[in-house]
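Taking it in order: structure first as structure tokens, then the write-up.
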Amino acid sequence: MGANTRTDRMLPSQFDDKLIAAIGLTLLAALIPFFVSEYVRTLIQRCLLWIPPIFGVYFIYSLLRQVHFAQSIFIGLGSYIVAFLAGKYFLTSELLILLPLSLLACVVVAYVLGIFIMRRTGFYFAIMGIAVTMVFWSLVYKMRQITGGSDGISDIKNPTLLGIQLSEQGFYYICLLISVGLIVLMYRILHSPFSMQLKAIRGDLQKAESIGIPVHQMRRLAFVVAGANAGLSGVLLAFLYNYVGPTSFAWEFGAQFVQAAIIGGVNYFVGPIVGAFAFVGLEFLVSTWFPNLWEIVIGVTVALVVVTVGEEGVTGIAKNLLGRVFKGANLKERTYSDGK
Amino acid sequence: MLSTCLRYVLNSLPVVSYVILLSFSYSFILYICGRVSLTFAGIYLVGAYATVSLGMALMGNNMSFAGFIGILLLACLLGAAMLVASYLCFERFLKTDVHRMVATSSLLVASRGLVKVIWGTTPVTYSAPFLSMGVSEIAGNIVPNYYLFMLAVALLLMLALSYFLNRTCWGMRFRASSLDGERTMAQACGVNQNVVTLMTFAIAGVLAGLAGGLYAPIAGAAYGSEGNALLLAALSVIIGGVGSIGGAVLAAFIVGIARAVAAIKMPVLELAVPFIIASITLMLRPFGLWGKEFRY
């Protein structure tokens, strides 16, 4: 009985549709490097690596209704671990060592920071997030002997997996694997009792506390989940660019993930994926033709999206349009916001 | 020993005065309208660049004090116009705090982009007002007169605002609007909320533009310095408490002096020290040193 409950709840047809779509998209992403140039492949790789940190922002936003500007800390931590271990003080470029190491570092740092910045909600949390990224940025910027200051650290060795040097194609598949794996993991986490508890905390903190949920512990854990996602993709981003600089700690870099999540739409699970591709695609288009205007374009776009559709984003607009075109098609999706 | 302490205080005066103006610009909107708005840091950047380029264009190296005041007034007007425009175009449609934070932080990025398009990314300097004012000596320490001028302007403005809020009829309307969250009661009593909100944004814009303009002759205008300004101002709002003028001044002194001491003793921790002070404040007094219980 107990084993069947979960499958009973999930309508088979809906489940199959989504699963088929997900497998199809993954296969498409796996086949694409055979058909496109190296430049476009790097661009797609960047989209894939942006998905996990955006999922972190999405997780905090949709479950706790907080704005998480501090994702860049964890990207920077992962990147600098790679820069030190596989670049400056070369020890190893083994992904199976670097990824868990960065995960561990991010979990520890996120837990400790969570004690300080997860205490309060609303603008206090957002401001403390921005402040902490600035603090890390200034630390990295000023410790010139160790971190190279504003020059950053380049010439990072190519990554190896089980001692085998990875080709660029091989590295693309590692990125795809990590990205898809984290998406599946986030899907599981969003449907777990942990997320239910977080939703209860968002609804009413006192009530949640009175039914025995360790409120602050749970909020801190949510911060850790978001940070761990970003740390893993920080490692791979450092290998992708062969360069790590203090800009990966800058507050505007952390704000980019919030912007991407908002463009994608925070009400939908596919929002962060759509957001990553939309943001990187828009950046590519604008910086090709009007390189100076990028910041104005993205700033005004995000403000307009928030003003007009709020949390729906591009996904919501597309779903609305599709629902109008295919009348009667059941495009309803489970959302994580209130009242829906 | 005393002389050394005094030297730290005197060295921190420019940062203290611009943080007073900037943090009050932020907490004024937050207190009166209950709106989070991060755009003020962008206004600061635009004010700094406008002061530098106007000063270079209009006066060059022959500096006149009245002319400089005129340029500062222009920077204030520009700041007020920009903040009111951003309110009219975007911020008045935003319904929740989360939306406001996301939208105003991206407007901040947009104003960075505006500076990049107009002035480019290389820092520019205009130190004629700073140099032409000379220096004076206080208890064995040489201090530029411009530092004292900055502090005087900031403190006088705070006094004027305090008088305006606590002693005048319009100030009473502002305070009445700040008291209820939905603002229906103040509206029902005949206080025009649109006018109050617009005036709040205009005053905040004046403060932010002035902060940029006053600090520009010392530090120059640099693309990217808005992050520093945002950090120091927002942290001192957390330390001082939202909406209190005394809290803004006190917190600006704490942040500025701590930063000045750290910059000399341990340059690496220059920005970490304000953050640590703010974290400790949040733990001990969640609503700030001088703040009352606030509805967030």
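So the sequences go chain by chain: A and B. Its first residue numbered 1, the first sequence is counted upward by one per residue in this note's numbering. Its first residue numbered 1001, the second sequence is counted upward by one per residue in this note's numbering. Here a beta-carbon is modelled for each residue, glycine too, at the ideal position from N, C-alpha and C.
Of the residues the options, which one's Cα is nearest the Cα of residue i?
i        : options                                : result
A70(A)   : G78(A), V57(A), L27(A), A208(A)        : V57(A)
T152(A)  : P159(A), G163(A), L139(A)              : It is worth fixing the name first, because residue 152(A) is Gly in this sequence and not Thr. It is L139(A).
L113(A)  : C175(A), S195(A), A222(A), L162(A)     : A222(A)
V1098(B) : F125(A), P272(A), L96(A)               : F125(A)
V307(A)  : G1209(B), R1100(B), T1004(B)           : R1100(B)
V215(A)  : F284(A), R119(A), L28(A), H191(A)      : R119(A)
L1074(B) : I1029(B), L1058(B), P1286(B)           : L1058(B)
S154(A)  : I97(A), F90(A), Y111(A)                : F90(A)
T1281(B) : V1261(B), G1256(B), G1240(B)           : G1240(B)
G345(A)  : P246(A), K18(A), G299(A), L236(A)      : For residue 345(A) there is no data in the structure shown, the boundaries of chain A being 1 and 340.
S62(A)   : I263(A), L190(A), I273(A)              : L190(A)
M143(A)  : L1250(B), T1096(B), G1067(B), P1267(B) : P1267(B)
S102(A)  : G148(A), L232(A), G316(A), G275(A)     : L232(A)
G234(A)  : V67(A), L49(A), V302(A)                : L49(A)
G265(A)  : C1005(B), V1249(B), V1102(B)           : V1102(B)
Here's the rule I'm using: 16 or more other beta-carbon atoms within 10 Å means buried, otherwise exposed. How should residue i be labelled?
i        : result
Y172(A)  : buried
P1014(B) : buried
A21(A)   : exposed
V184(A)  : exposed
W289(A)  : exposed
V325(A)  : exposed
C1169(B) : exposed
I1020(B) : buried
R1259(B) : buried
S1017(B) : buried
Y39(A)   : exposed
E168(A)  : exposed
K207(A)  : exposed
K319(A)  : buried
R1285(B) : exposed
C1189(B) : exposed
Does residue i come out as helix, strand or coil in the three-state DSSP assignment?
i        : result
N1141(B) : strand
Q45(A)   : helix
E94(A)   : strand
A29(A)   : helix
N1036(B) : Checking the displayed sequence, the identity of residue 1036(B) turns out to be Val instead of Asn. V1036(B) falls in the coil class under three-state DSSP.
S1136(B) : strand
V40(A)   : helix
L161(A)  : strand
A1221(B) : strand
I1245(B) : helix
I211(A)  : coil
G339(A)  : Unreliable placement is indicated for G339(A), whose pLDDT of 42 sits below 50; no coordinate value is reported for it.
I1280(B) : helix
V244(A)  : strand
V270(A)  : coil
I153(A)  : strand
V1273(B) : helix
V1206(B) : helix
V344(A)  : Limits of chain A in this structure are 1 at one end and 340 at the other, which puts residue 344(A) out of reach.
V1191(B) : coil
Pull up the CB-CB distance for residue i and residue j, whole angstroms please, since I reckon it's below 8 Å.
i        : j        : result
V180(A)  : T26(A)   : 6 Å
A238(A)  : V244(A)  : 5 Å
V258(A)  : F59(A)   : Their Cβ separation, rounded to whole angstroms, is 12 Å, which puts V258(A) and F59(A) out of contact at 8 Å.
L1072(B) : G1213(B) : 5 Å
S93(A)   : P159(A)  : 5 Å
Measure the Cβ-Cβ separation of residue i and residue j and say whether it is below 9 Å.
i        : j        : result
G1205(B) : L1083(B) : yes
S1244(B) : G1288(B) : yes
A131(A)  : L1235(B) : yes
V305(A)  : V297(A)  : no
R1007(B) : N1145(B) : no
Y1126(B) : G1047(B) : no
F279(A)  : Q256(A)  : yes
L1022(B) : A1233(B) : yes
Q45(A)   : L182(A)  : no
L1157(B) : G1079(B) : no
A1040(B) : Y1026(B) : Going by the sequence as given, residue 1040(B) is Phe instead of Ala. Taking 9 Å as the Cβ cut-off, F1040(B) and Y1026(B) qualify as a contacting pair.
T1121(B) : Y1215(B) : no
S1177(B) : I1032(B) : yes
G1042(B) : A1110(B) : yes
L343(A)  : I174(A)  : With chain A represented from 1 up to 340, any question about residue 343(A) goes unanswered, as that position is not in the structure.
G78(A)   : A230(A)  : yes
Any heavy atom of the ligand NAD closer than 8 Å to the Cβ of residue i?
i      : result
S79(A) : The model on display carries no ligand, and the ligand NAD is accordingly not part of it.
At a Cβ threshold of 9 Å, is residue i touching chain D?
i       : result
G122(A) : Among the chains of the structure shown, chain D does not appear; the protein chains present are A and B.
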